[in-house]
Structures are given as C-alpha cells and as structure tokens.
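Heads up: the sequence shown runs through residues 1214 to 1375, numbered per the working numbering.
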Amino acid sequence: MARFKVSPKLEEYNRKIYELGADAVEYIEKAVKEGANPVADAVRSNLNAIPTDDGYKKPGEIRNGLRSIQLAGLQHSLGIAPIRNDRGFINVKIGFDGYNRLQSSRWESGQPNTLVARSIEGGTSYMAAHPFVAPAVRSTRKTAENKMKEVVETEIKKIMGE
C-alpha cells in the first residue's frame, strides 16, 4: 500500500490559501474604495471645468452653463458612498447628494443636486449639455483598475508572506 506524507510546507501553504479566501471580501472592499478615488477626482476636475452662466435668459434662450450657485452645490455634494456588498458583488457609487441653494416655488428647499448633474450631463431644452461624468469614467477606467489590482496584489503578498 502506498503512503503519502504531507510536508509541513504544504500545510503552511494550504493555511495561507485558506486565509486568502477568508479575508477576500475585506481586501476587495479596500481595493474598490481605492479604485473609486481616481474616478471621483476626475469627475471633480471635469465638474470644475463646466462654464457658469449667471446672466438673465429670456424664455426660449439656451443657457450655456450652470449658475454659480448650482455649480457650488454640485462641488459640495460630490462624494463616494459607503461600499455595499450586493450578494457577492462589491459596489461603490460616486455621485451627488442633497440640494443646492437655488430655491424656487417648485423646490422650496433647493434643487436636487442629482437632477442638476443629470441635466448638465445630457442637456435640456433650456441648457446646453456639458458631459462631465461619462468622460471622467472613460478616461480613468484603466487607472482605477490598476489601482485596485495593486491593492489586491499587496494584500495577497502580505498574507502569503512574500
């Protein structure tokens, strides 16, 4: 009958592989958070490049940019939401929260910042489009992926003892 002897090094390797699996969610969340930072920075940079147009417009005239108060509201409310684990998918959202200070009869507490962001991203019948989110995401996709890969590889090296 053949005998099989397990080396202590194999047991050590097996323990490290187990630790990788046990801590996977923790370091994947850390990687996703780090990957969101360059994307949020690019969105912030593109947001600052949007023109402002505070002049009076007659009905039917197209506004070329945001009002200063709307832009300030967007700049203040841009952020990264807490990480969510949706049935094994680790997600993070970058977006706008709250209301700006431009009040009207329709929005007594101010305009919703998400509404303003969508209207400037795609344009409206009264405002020209100035896409700033989609170009930021496209331009930083590889940077974010590389950052996440770097974080995961660093965590693996820590656990594996390399």
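Built from N, CA and C at the ideal position, the CB exists for glycine as well.
Asked: Same chain only: Cβ atoms within 8 angstroms of S1281, ignoring 5 sequence neighbours per side; Found: T1265 and D1267
Asked: Rounded Cβ spacing between V1364 and A1244 (contact assumed at less than 8 angstroms); Found: 4 angstroms
Asked: Close beta carbons around A1294, own chain, < 6 angstroms, minus the five adjacent residues each side; Found: K1306
Asked: Sequence ranges, alpha helix (DSSP H) only - wholly within the segment 1346–1373, length at least 4; Found: 1346–1373
Asked: N1277 in three-state terms, based on DSSP; Found: coil
Asked: Euclidean distance between Cα positions of K1229 and I1372; Found: 7 angstroms
Asked: Contact under 7 angstroms by Cβ, Q1283 with V1329; Found: yes
Asked: CB-CB length for N1261 against A1341, believed under 8 angstroms; Found: So it is not a contact: roughly 17 angstroms between Cβ atoms.
Asked: Pairwise C-alpha distance: P1344 and Q1324; Found: 19 angstroms
Asked: For L1291, the residue or residues it bridges with in DSSP; Found: F1309
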